[in-house]
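Worksheet: one structure, shown below.
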Amino acid sequence: MEEEQPLTKMAIIRSLLSPATAPHLLLLVITASLLHIMAKVGTEQMASFGFISFSIAYVLLAPASNKDVFRKLITFQHRENSSFVDSMKERFKIVLLPLAFGFALWGIMAFTMSEDSSLSDIGTIIPPALGFLFVAWAAAQGWFFAYATSNGIKTPETGTIKDKSNHSPIPSLATTSVLMIAMTILVTEAFRFILTSNSFSVWPYVASFAVFGISVKITWTLRQKASTHTATHTVAKRWFHLTQLFITWHVLSIVRSIDSASSTTLIFIEELVLMILTVFMAIWALTSKADGRKSTLFTKDNALFWGVAFGYAYAGSVAMITSVFDDLSAVLIGGHIIVVATVVWAQRSLLDSRIKRMFKDFDIQVSVEAIEIPIDSNSEEPTKEGNKESLELEDKDESIGDPVDWNQKPESIGDETDWEEDIELLD
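Take this note's numbering: the last position of the sequence shown gets the number 436, and nothing is skipped along the way.
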């Protein structure tokens, strides 16, 4: 049986950007934009119903897309010799099913949860609840990034225990510090140049170093433990580079929002990039479990549909924040703080479990390699000694096959009795 290739980041990216499912991404952009406009003009409740309905529609279609019956309806199949018009019609057909599901759910929610309906009280809660979902997305963003990058770093096949004189986390810590400082300077000065601001602020550097110090403090014991083995040291070093840079990005976003050193356009672009990154990390972690193992519910073939479902939910939460809440910057700052706290916490918890798993694997490997199979040259001497002992025993005991005198008369009972002696019989 041919061995299946493990899911990789590039395989998932190709699946997300496949022309066979590209119309679903176009539908996401158009529908989310229209719903966002609806929320801005004062119909937040109906817009929130729309975001939730289309998100649920794709959640239902994602696992169903593994079946050929549904997959043919929502995936474009290129036909040879087909004209451009026919091709566009076929591409439009694959979005009819999610549109039907989405509008049906939207109609049900509007009929049952709008004003003067039976569930109107629930309907009034949905817009702010969808806005607060941004907090859940922030925590999920931090967790998915930490989890996916942690398990995405391959464990070296071989490794050795480092000498006590040189197993120190200081070199790795120094490298991480250099990367963090470089990113802080690059991002801070780049935004200052874009915004044509001549004022220098020390707060981005203070905040970055403060959070970095907290991260080092709570993970120092694990860093020391990881540095005792070459394999764990390599994995921990690479992972801390990634997570610390991600943390620094969010810390700088917090400082810019507090200092009002960023425009609305830049904030929108940054949140869009974070949305794309969050969706990709979520899909990567769920479809491949981040380490190549396959999932039955989240697969490479339906990754796009899960991504679109997450995209509607994320876009809906951002739209509700901009429409329902008065202070957008406060909500965004809160989201960034949650991301930072989640990743810093994950640095300790995920690294602890990864080190224990790797130490266990390498302990098993070392114990197997420690078994020495005796070779012939080493086994000759014990064999000779064993033969010498057996020969000594044979000298003491009678062995099978000793010479036998077959002419010897066997002894019988009564051979030593003197039959010549008179025996007196009594009456």
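For every residue, glycine included, the Cβ atom is placed at its ideal position computed from N, Cα and C.
Under 8 Å between C-beta atoms of residue i and residue j
| i | j | result |
| --- | --- | --- |
| Gln54 | Ser123 | yes |
| Ala324 | Ala31 | no |
| Ser326 | Gly151 | no |
| Phe79 | Leu70 | yes |
| Leu108 | Leu82 | no |
| Ile170 | His238 | yes |
| Val288 | His33 | no |
| Ser266 | Ile330 | no |
| Val220 | Ile347 | no |
| Thr449 | Gln253 | With the chain covering only 10 through 436, there is no way to say anything about residue 449. |
| Ala56 | Leu37 | no |
| Ala350 | Leu142 | no |
| Val264 | Pro180 | no |
| Ala29 | Phe85 | yes |
| Ile364 | Thr241 | yes |
| Val353 | Ile256 | yes |
| Ala149 | Gly344 | no |
| Ser439 | Lys49 | Outside the modelled stretch of the chain, which goes from 10 to 436, sits residue 439, for which no answer is possible. |
| Phe314 | Tyr67 | yes |
| Thr167 | Gln356 | no |
| Asp130 | Ser210 | no |
For residue i, the three-state DSSP class (helix, strand or coil)
| i | result |
| --- | --- |
| Ile342 | helix |
| Ile170 | strand |
| Lys226 | helix |
Rounded distance between the beta-carbons of residue j and residue i, thought under 8 Å
| i | j | result |
| --- | --- | --- |
| Leu261 | Ser224 | Incorrect: roughly 15 Å between the Cβ atoms, too far for contact. |
| Ile292 | Ile21 | 6 Å |
| Phe153 | Met19 | 18 Å between Cβ atoms; not a contact. |
| Ser127 | Thr133 | With 8 Å as the limit, Ser127 and Thr133 do not qualify as a contact, their Cβ atoms being about 13 Å apart. |
| Pro165 | Ser236 | 14 Å between Cβ atoms; not a contact. |
So, do the stretch 358-373 and the stretch 140-159 have three or more beta carbon pairs nearer to each other than 8 Å? In short, these stretches touch, since the Cβ pair count reaches three.
Segment contact, 8 Å Cβ cut-off, at least three pairs: the stretch 60-75 with the stretch 97-115: Segments in contact, yes.
Three Cβ pairs or more, each shorter than 8 Å: is that satisfied between the stretch 73-81 and the stretch 309-328? Contact holds: three or more Cβ-Cβ distances are below 8 Å.
Inside the stretch 29-64 only - beta strand (DSSP E) runs reaching at least 3 residues: The stretch 29-64 contains no complete beta strand (DSSP E) run of 3 or more residues.
Going along the chain, which unbroken runs of the alpha helix (DSSP H) with 4 or more residues stay wholly within the stretch 120-162? Every unbroken stretch of the alpha helix (DSSP H) spanning 4 or more residues and falling wholly within the stretch 120-162 is given here in chain order: 129-161.
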